[in-house]
Amino acid sequence: MQTLVLALLLAAVFGLFLPSARNRLQGMLHGKPRLIWAFPFLLTAIFCAAAALAGAFSLGLALLVLGYTTAPAVCAVLASKPMWGSRNATARYRGPQPGSTTVPNLFDFLTILAIWLPLEFAAGGSLVPRAAQGFLHSVAYGIAILLGLVVFLGFRSISGLKYNLPRGPRDFWVPLAGFAIVAPVLIVLGVEIGFIPPPHFPVQSGGRMAGAVGLIFAGTAVPEEILFRSLIQNLLMLRFGRGWRILLLSSLIFGCAHLDNGPQPAPNWRYMIVATVAGLAYGKVFEMGSTVLSSAALHTMVDWTKHFFF
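Under our numbering, the letters of the sequence shown match residues 1339 to 1648, in that order.
Encoded structure:
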């Protein structure tokens, strides 16, 4: 049953790659923008059902999750309102128009932080029994990605998210070229600073190696690329312009997000350095492709290679 819950969350995330689903979400939220307030309750209900399934439900946990899902909605609504002091500042709020958000504002960035940081620092972890933490963390991650898509893809309609299926051969060969360029750099760097051991032949079965491709792609690469490329990098570039400085900044943010990752003790500066370099490659592929799935493909290849050959 737990696997089914995670599969349904993934289906919802990937379903929005379909134009019909994406257009339906945008039409609903643009036509009736107050429906944005329904999503915190809906997503909280999903989490609570999963917590009950895992024997971890509590009122305190439910209220914490409701607060977590509501905060980004509040920020998104504030981001959609006219700026104070403008001629339209007192106009009645009627919600965003499709494709209208091309320059994000402070509240858009606060929305990202409200979605990302509580997960990054495992807020509420003490309220969840240890046996249920892995499952509920995955559920929370899925809910966070869905919330981000509802807010930025549907409600705000931020341009440049590239949340669509591949549109041409470029979306396939660019990540392959990126891997050919960045993989040797990451290997040499990782071995030199002691992040990874020298390469070795894989010891797992071919079936397990093949199955890991889908797990890494759906469970790690796509969610992280949505957050760090579609949202963080894209919004920074929309606000401050394209260029290597913004690409480096977004890659550094990606690297810093790995400071608390193992296997070395935190702060894991080795992981941060390697992730920052990898983030440069992911970010450049995201720029060159027409879909976030291109950078997710490169991300998958890098993680898969590290897992089985190092």
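C-beta atoms are modelled at their ideal positions from N, C-alpha and C, and glycine is treated no differently.
From a predicted model like this one, the values you see are computed outputs, not experimental measurements.
Alpha carbon to alpha carbon, what distance is there between residue j and residue i?
{"i": "P1603", "j": "L1346", "result": "34 Å"}
{"i": "F1592", "j": "R1372", "result": "33 Å"}
{"i": "A1595", "j": "W1454", "result": "10 Å"}
{"i": "C1386", "j": "Y1406", "result": "13 Å"}
{"i": "V1541", "j": "V1529", "result": "20 Å"}
{"i": "L1569", "j": "L1499", "result": "7 Å"}
{"i": "I1564", "j": "A1616", "result": "16 Å"}
{"i": "V1343", "j": "A1388", "result": "7 Å"}
{"i": "Q1435", "j": "S1497", "result": "At Q1435, the pLDDT of 41 sits below 50, so the modelled position is not reliable; the number obtained from the coordinates is stated separately. Distance between the alpha carbons of Q1435 and S1497 is about 12 Å."}
{"i": "N1502", "j": "F1355", "result": "5 Å"}
{"i": "L1527", "j": "V1612", "result": "7 Å"}
{"i": "H1368", "j": "A1350", "result": "20 Å"}
{"i": "S1589", "j": "A1400", "result": "34 Å"}
{"i": "A1429", "j": "L1485", "result": "Residue confidence is low: A1429 scores 41 on pLDDT, short of 50, so the model does not pin down where it sits. No coordinate-derived value is stated."}
{"i": "R1580", "j": "G1532", "result": "33 Å"}
{"i": "P1442", "j": "L1573", "result": "6 Å"}
{"i": "F1352", "j": "V1630", "result": "12 Å"}
{"i": "A1461", "j": "L1451", "result": "13 Å"}
{"i": "M1339", "j": "A1559", "result": "24 Å"}
{"i": "R1290", "j": "V1403", "result": "What is shown of the chain runs 1339 to 1648, which leaves residue 1290 out entirely."}
{"i": "F1490", "j": "A1417", "result": "11 Å"}
Which residue's Cα is closest to the Cα of residue i: the options?
{"i": "D1641", "options": "G1492, P1357, F1555", "result": "F1555"}
{"i": "D1598", "options": "F1459, M1639, W1511", "result": "F1459"}
{"i": "V1523", "options": "M1575, V1403, A1619, Q1364", "result": "A1619"}
{"i": "H1637", "options": "L1586, P1535, V1512", "result": "V1512"}
{"i": "F1646", "options": "N1606, A1518, G1545, S1633", "result": "G1545"}
{"i": "Q1364", "options": "M1639, L1573, T1614, L1487", "result": "L1487"}
{"i": "G1557", "options": "R1577, V1412, V1477", "result": "V1477"}
{"i": "M1547", "options": "M1639, K1419, L1416, V1466", "result": "M1639"}
{"i": "V1520", "options": "R1577, Y1479, T1614", "result": "T1614"}
{"i": "R1567", "options": "N1606, M1626, W1607", "result": "M1626"}
{"i": "R1608", "options": "F1490, I1525, G1549, A1417", "result": "I1525"}
Is it buried or exposed, residue i, if we count other Cβ atoms within 10 angstroms and call 16 or more buried?
{"i": "R1660", "result": "For residue 1660 there is no data in the structure shown, the boundaries of the chain being 1339 and 1648."}
{"i": "H1538", "result": "exposed"}
{"i": "T1440", "result": "exposed"}
{"i": "R1468", "result": "exposed"}
{"i": "K1644", "result": "buried"}
{"i": "T1341", "result": "exposed"}
{"i": "M1575", "result": "buried"}
{"i": "L1553", "result": "exposed"}
{"i": "A1634", "result": "buried"}
{"i": "F1624", "result": "buried"}
Can you tell me where the alpha helix (DSSP H) with residue i in it begins and where it stops?
{"i": "R1546", "result": "1544 to 1554"}
{"i": "S1358", "result": "1357 to 1369"}
{"i": "Y1501", "result": "Y1501 -> no alpha helix (DSSP H), and no H or E assigned at all."}
{"i": "M1626", "result": "1607 to 1626"}
{"i": "L1573", "result": "1572 to 1578"}
{"i": "Q1340", "result": "1340 to 1353"}
{"i": "P1513", "result": "1508 to 1530"}
{"i": "D1598", "result": "Here D1598 belongs to no alpha helix (DSSP H), and DSSP marks it neither H nor E."}
{"i": "Q1471", "result": "1468 to 1486"}
{"i": "L1585", "result": "1582 to 1594"}
{"i": "I1450", "result": "1444 to 1458"}
{"i": "T1643", "result": "1630 to 1647"}
{"i": "V1415", "result": "1397 to 1418"}
{"i": "L1391", "result": "1376 to 1391"}
{"i": "V1560", "result": "1560 to 1563"}
So residue i packs on residue j, CB below 8 Å; how close in whole Å?
{"i": "L1397", "j": "I1481", "result": "That belief does not hold up - the Cβ atoms of L1397 and I1481 are roughly 18 Å apart, past 8 Å."}
{"i": "A1414", "j": "I1384", "result": "With a Cβ gap of about 19 Å, A1414 and I1384 do not count as contacting."}
{"i": "K1622", "j": "G1516", "result": "7 Å"}
{"i": "A1390", "j": "A1470", "result": "Contact doesn't hold; Cβ gap of about 10 Å is too wide."}
{"i": "S1632", "j": "D1446", "result": "Between D1446 and S1632 the Cβ distance is about 24 Å, and since that is not below 8 Å, they are no contact."}
{"i": "A1411", "j": "F1377", "result": "7 Å"}
{"i": "P1535", "j": "F1648", "result": "6 Å"}
{"i": "I1483", "j": "P1561", "result": "5 Å"}
{"i": "L1444", "j": "A1392", "result": "That belief does not hold up - the Cβ atoms of L1444 and A1392 are roughly 37 Å apart, past 8 Å."}
{"i": "Y1479", "j": "L1465", "result": "That belief does not hold up - the Cβ atoms of Y1479 and L1465 are roughly 17 Å apart, past 8 Å."}
Would you say residue i reaches chain B, if we count a Cβ-Cβ gap shorter than 8 Å as a contact?
{"i": "S1396", "result": "The chain labelled as chain B is not found in the depicted structure, where only one protein chain is given."}
Heavy atom of the ligand GDP less than 7 Å from the Cβ of residue i, yes or no?
{"i": "A1521", "result": "The ligand GDP is not part of this structure, which contains no ligands at all."}
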